[in-house]
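Chemist:
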Amino acid sequence: MFITVIALICLVVVVWIVWPLIQTKKDVSPDLQSVNSKLLETQIAELDADLEQGVIEKEQYDAARLDLQRTFLETATVSDIQPSLHAKSDPLLIILITVIVPVSAYLIYKQVGTDPASIKYMADQPAGANQAGPHGSAAGEDIDSMLVAVREKAEANPDDLESWTMLAQILHIMKDMNGAEKAYRHLIDKGIEDAEVYANYADVLASQANELLVTSPAFEWVKKALVLEPNHQQALWIAGTAAYYSKEYVLAKEYWQHLLSLLDPKSDPYKVILQNIEQMEREEAEASK
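Residues 84 to 372, numbered by the working numbering, are exactly what the sequence shown covers, in order.
1) If I'm right that ALA251 touches LEU270 with Cβ under 8 Å, what's the distance once you round it to whole angstroms?
2) Going straight from the alpha carbon of ILE356 to that of TRP339, what length do you get?
3) Compare the C-beta of ALA326 with all C-beta atoms of chain C and state if any pair is closer than 8 Å.
4) From GLU367 to GLY323, what does the alpha carbon distance come to, in whole angstroms?
5) Find out if the Cβ-Cβ distance for the pair ILE321, VAL305 is shorter than 8 Å.
6) Which residue from MET249, LEU296, GLU124, LEU254 puts its Cα closest to that of TYR332?
7) Determine, using beta carbons only, whether LEU130 and LYS141 come nearer to each other than 8 Å.
8) Taking DSSP as the reference, what is the three-state secondary structure of SER344?
9) What's the C-alpha gap between ALA147 and LYS265?
10) Assuming ASP395 contacts GLN316 (C-beta within less than 8 Å), just tell me the rounded distance between them.
11) Answer with buried or exposed for ALA237, where buried requires no fewer than 16 other C-beta atoms within 10 angstroms of its C-beta.
12) Need the endpoints of the alpha helix (DSSP H) that GLU369 sits in, please.
13) In terms of residue numbering, what span does the alpha helix (DSSP H) encompassing ALA318 cover?
14) Sorted by chain position, which residues of the same chain lie with C-beta nearer than 6 Å to ALA278's C-beta, five sequence neighbours on each side aside?
15) In the DSSP assignment, find the alpha helix (DSSP H) that holds PRO313 and state where it starts and stops.
16) With H, G and I counted as helix, E and B as strand and the rest as coil, what does DSSP make of VAL297?
17) What residue does the alpha helix (DSSP H) around LYS273 start on, and which one ends it?
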């Protein structure tokens, strides 16, 4: 009951403070999503040039391009889920408000227990949002404190799957892939059946492997995730990527087209995946000549 009250208070405070800062406004600088999209285009253009000049091999090009796209899709805000907003004020202020208010409430509550809502909130933040800096050191310290509290509770209670899920999510978002792999593996060994856990575990395995193929363990876990939740977007992306690397283009196209059907056609993630399909079709055509 207490945490429900705290959550409602946080929601009211955050909305009351942040809403005036994020009113939509015309003719302003592009949002972070647009900047990331432009950066992706620039990086892929550089890869194209390197491939054309013989600086890198085709396999290196494919791996680098898909890695860039994977990073972009991880941080992208899909417009059909959350419309893009243009801040009239300093975006760092908005980030600090939306992060510190819930985290501060969590640090109060952790004296009597662990709050899953706060952990899930932090797990949903873009990678890097918790890094220390002139505007973010306080938030970074709070997140570190949160990690310590959750880790202690999870390790003290091996059967507390909720705490282990929170721990895995935090380690994953903080890019501690070894720690995240162990936490997800603990959940799986305990018999958890959850599409999000399976997909995240596959993502961790894929990030650590030199190759992502349909014969890899990551692909097996992604298939299990899709059995439980056929429309899981991250799982569809990883499955399509594994099929692409394995040159099973029909299967890759199937996964990626399914993913396209779930996205807003005007969104940047949609465009990235569509470009992948188009390039794959060009490669198929060249191979058949």
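All C-beta atoms in this analysis are idealised placements derived from N, C-alpha and C, irrespective of residue type, glycine included.
Modeler: Taking the coordinates as given:
1) As a first step, residue 251 must be located in the sequence shown, where it is residue number 168. As a first step, residue 270 must be located in the sequence shown, where it is residue number 187. The Cβ separation is near 7 Å, so the contact holds.
2) Taking the sequence shown and counting its residues from 1, one reaches residue 356 at position 273. Taking the sequence shown and counting its residues from 1, one reaches residue 339 at position 256. For ILE356 and TRP339, the distance between alpha carbons rounds to 7 Å.
3) No chain C is present in this structure, which holds just one protein chain.
4) Residue mapping note: residue 367 aligns to position 284 of the sequence shown, counting from 1. Residue mapping note: residue 323 aligns to position 240 of the sequence shown, counting from 1. Roughly 15 Å between the two C-alpha positions.
5) As a position in the sequence shown, residue 321 is number 238, starting the count at 1. As a position in the sequence shown, residue 305 is number 222, starting the count at 1. A contact, by the Cβ cut-off of 8 Å.
6) For the purposes of this step, residue 332 is taken as residue 249 along the sequence shown, with counting starting at 1. Ranked by Cα distance from TYR332, the options MET249, LEU296, GLU124, LEU254 are led by LEU296.
7) Here residue 130 is taken as the residue at index 47 of the sequence shown, counted from 1. Here residue 141 is taken as the residue at index 58 of the sequence shown, counted from 1. In this structure, LYS141 does not lie closer than 8 Å to LEU130 by Cβ.
8) By 1-based counting over the sequence shown, the position of residue 344 is 261. SER344 falls in the coil class under three-state DSSP.
9) Residue 147 sits at position 64 when you count from the first residue of the sequence shown. Residue 265 sits at position 182 when you count from the first residue of the sequence shown. Between ALA147 and LYS265, the C-alpha separation is close to 26 Å.
10) The shown model of the chain, from 84 to 372, leaves out residue 395, and the question about it has no answer.
11) To locate residue 237, count along the sequence shown from 1; it is residue 154. Buried, by the Cβ-count rule.
12) Your numbering for residue 369 matches position 286 in the sequence shown. Segment 351–370, the alpha helix (DSSP H) holding GLU369.
13) Reading the sequence shown from its first residue, position 235 is the one you call residue 318. Run containing ALA318: 316–328, per the alpha helix (DSSP H) assignment.
14) Along the sequence shown, read from residue 1 onward, the residue named residue 278 stands at position 195. Contacts found: ALA308, LEU311, GLU312, HIS315.
15) Within the sequence shown, residue 313 is the residue found at index 230, counting from 1. Element bounds for PRO313: n/a, residue is neither H nor E.
16) Walking along the sequence shown from the start, residue 297 turns up at place 214. Three-state result, VAL297: coil.
17) For this step, residue 273 is matched to residue 190 along the sequence shown. Per DSSP, LYS273 belongs to no alpha helix (DSSP H) and is neither H nor E.
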